Ligand SMILES: [Zn+2]
Ligand SMILES: [Zn+2]
Ligand SMILES: [Zn+2]
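Residue numbers (the working numbering), protein chains in the order written: chain A, 1476 to 1676; chain B, 176 to 634.
Quick look at the structure:
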């Protein structure tokens, strides 16, 4: 017997071979809760910086509550809710690079949400970038953001290959964050930079 | 303990168990009090390895021990495996590297001057129960007030609470549901005008005061520890079923070690009755304060109501019942077993009267809707079982749609019927169970009401 991670209701689980072998971990939220998330599957127009952007879900009330519980209330157990979709979307040969958090902020929150999403999805990743400042995007106007100093720098000692890199972030709002990250990778020699986000605002 | 301390911190922390980093005071001030020994720190989670090499966790705030309600992760703060409690997460996460704090210095003294401003008189039976409760308080014995809906349970508590307060004791009335707290708050404030009273529930304003009389949802008691000289648990049987054990542990923890935990309810579970017979005292009141009998439910078949409503048609009997209430200007409550069915029925009822509204647990305007019904601004409400207890509306008429559903057990049906005929001006009213088949629970509820009306004591 399982309880839904979001609403605590009991999930009627029908034992399957997969479940018995421990291969099936999809039943961590109930049907009612999972229906409240709406798929986005938006593929953005590409440009010189981002060769492809894919978002899995659109931002709605259920997603707002999810982010609140996962990031603000620090309920790391929720990282696994989208593990299957993220795994399906991210498996392959591209090098997975999560958007990094400022180290101080990570210690305050005790975890990096994007890293936890990837770990739950069993997707290996490498941190190639580091955050240069702590300014929050929300406080800046769009113009200010564009003229702002780079948000990211290459981690010291990192080598970028002429191959495909995939950036991962939790939410795509204006695309500024991802473009800043893509710029650094492209300038360092990446051939192709794609991006996958869980949510499209 | 020679060092001076801030009395505001003492008053706030006495009896509470709080997150070190999230008090209403500055972190530096709290640090100083810890250093001086006025405040004690306690680790958030205790993890122990059992003989079978399995790790057991214990949350020091809510006392949860259920393994599935803990999650272990790699913590960036304490640089290692860290476990947090999901059970009390909504009050701010408690993990292995979280510190909780409790007051360790001299306790405050509470005022002993309190007036009891309630002007009503108790019936002889109420008075007897009230006296019995006071005796139990004097000897620290748990007490169950088993009183039928509308028998004036709250008034029975006034004198015993007043006696505790004037002895400088700290008192808590706890209820599992916020609706009950919201209904009690104005009545207790009016009854004890000199007393510092605070109502605590999810979303209530938090203050730094140290009230002597606290009304709280049982969830809020997770944040108290050895605080109260007596706790009265109102509507004890309304504990959310799955969380029952942890919540009861939280109530016990909030009371001082020797302090009694009393129960007040119209529908005690068999377990509670047996338990109280063994360790405490029971006072039973089977008459309403106005002396009229409890309304006995009548059955009326409403075959295939789900299908009819899904097809966009209200069953004829339901339409007629509602129309009769509208014609006679009688306020009404119609209970449904699921939100889904209720929401499907809502537009159909609106065709009878556009002001009919619906409420359920997650509804933000629940309070306002109930008040609107009381003020006769709306003719009636559709509701889930959330309104089964704690609300009083003069002359309200009650229907249950789908009384055969599992959620309508004996206790729920007795509580729902208890909404009817509470006021002395309107001591009767219709209580109809629309059903798709009669259940054992329906008969049990009906028999219990008939027994109580005959003056019997249910066992
Ligand atoms: Zn759920
Ligand atoms: Zn806990
Ligand atoms: Zn930690």
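All C-beta atoms in this analysis are idealised placements derived from N, C-alpha and C, irrespective of residue type, glycine included. Computed from a predicted structure; not experimentally measured.
Quick one, are the C-beta atoms of residue i and residue j less than 9 angstroms apart?
i, j, result
"residue 1481 of chain A", "residue 1527 of chain A", "no"
"residue 321 of chain B", "residue 312 of chain B", "no"
"residue 1512 of chain A", "residue 248 of chain B", "no"
"residue 374 of chain B", "residue 402 of chain B", "no"
"residue 1684 of chain A", "residue 1596 of chain A", "Missing from the structure shown is residue 1684 of chain A; chain A here goes from 1476 to 1676 and no further."
"residue 389 of chain B", "residue 346 of chain B", "yes"
"residue 257 of chain B", "residue 270 of chain B", "yes"
"residue 1651 of chain A", "residue 1626 of chain A", "yes"
"residue 1641 of chain A", "residue 1670 of chain A", "yes"
"residue 564 of chain B", "residue 460 of chain B", "no"
"residue 497 of chain B", "residue 553 of chain B", "no"
"residue 606 of chain B", "residue 506 of chain B", "no"
"residue 280 of chain B", "residue 330 of chain B", "no"
"residue 555 of chain B", "residue 562 of chain B", "no"
"residue 340 of chain B", "residue 370 of chain B", "yes"
"residue 589 of chain B", "residue 449 of chain B", "no"
"residue 429 of chain B", "residue 454 of chain B", "no"
"residue 267 of chain B", "residue 197 of chain B", "yes"
"residue 352 of chain B", "residue 307 of chain B", "no"
"residue 578 of chain B", "residue 517 of chain B", "no"
"residue 189 of chain B", "residue 335 of chain B", "no"
"residue 488 of chain B", "residue 523 of chain B", "yes"
Give me the chain A residues within the contact set of residue i, using Cβ-Cβ distance strictly less than 9 angstroms, ordered along the chain.
i, result
"residue 398 of chain B", "Those do not exist, as residue 398 of chain B stays about 16 angstroms from chain A at its closest Cβ, beyond 9 angstroms."
Answer yes or no: does any C-beta atom of chain B fall closer than 9 angstroms to that of residue i?
i, result
"residue 1545 of chain A", "no"
"residue 1591 of chain A", "yes"
"residue 1548 of chain A", "yes"
Anything in chain A within Cβ reach of residue i, meaning under 8 angstroms, just list it in chain order.
i, result
"residue 251 of chain B", "1581, 1582, 1584, 1585, 1586, 1587"
Against residue i, what residues of chain A qualify as contacts under a CB-to-CB distance less than 7 angstroms, listed in chain order?
i, result
"residue 246 of chain B", "1551, 1552"
"residue 243 of chain B", "1478"
"residue 264 of chain B", "1548, 1550"
Report back the beta-carbon spacing between residue i and residue j to the nearest angstrom; my notes put them in contact at under 8 angstroms.
i, j, result
"residue 604 of chain B", "residue 571 of chain B", "7 angstroms"
"residue 477 of chain B", "residue 610 of chain B", "6 angstroms"
"residue 509 of chain B", "residue 576 of chain B", "6 angstroms"
"residue 558 of chain B", "residue 535 of chain B", "7 angstroms"
"residue 474 of chain B", "residue 490 of chain B", "So it is not a contact: roughly 15 angstroms between Cβ atoms."
"residue 1604 of chain A", "residue 1575 of chain A", "5 angstroms"
"residue 260 of chain B", "residue 239 of chain B", "6 angstroms"
"residue 1639 of chain A", "residue 1667 of chain A", "4 angstroms"
"residue 1556 of chain A", "residue 1503 of chain A", "6 angstroms"
Closest Cβ-Cβ distance between residue i and chain A: below 9 angstroms?
i, result
"residue 272 of chain B", "yes"
"residue 257 of chain B", "yes"
"residue 195 of chain B", "no"
"residue 352 of chain B", "no"
"residue 483 of chain B", "no"
"residue 268 of chain B", "yes"
"residue 597 of chain B", "no"
"residue 362 of chain B", "no"
"residue 261 of chain B", "yes"
"residue 237 of chain B", "no"
Contact shell at 6 angstroms, judged by CB to any heavy atom of ligand 3, ordered along the chain: A/1585, B/250, B/252, B/253, B/257, B/270, B/271, B/272
Chain-ordered list of residues that sit, by beta carbon, closer than 5 angstroms to a heavy atom of ligand 2: B/234, B/236, B/237, B/239, B/260, B/262, B/263
Neighbouring residues (CB closer than 7 angstroms to any heavy atom of ligand 1): A/1479, A/1481, A/1482, A/1484, A/1504, A/1505, A/1507, A/1508
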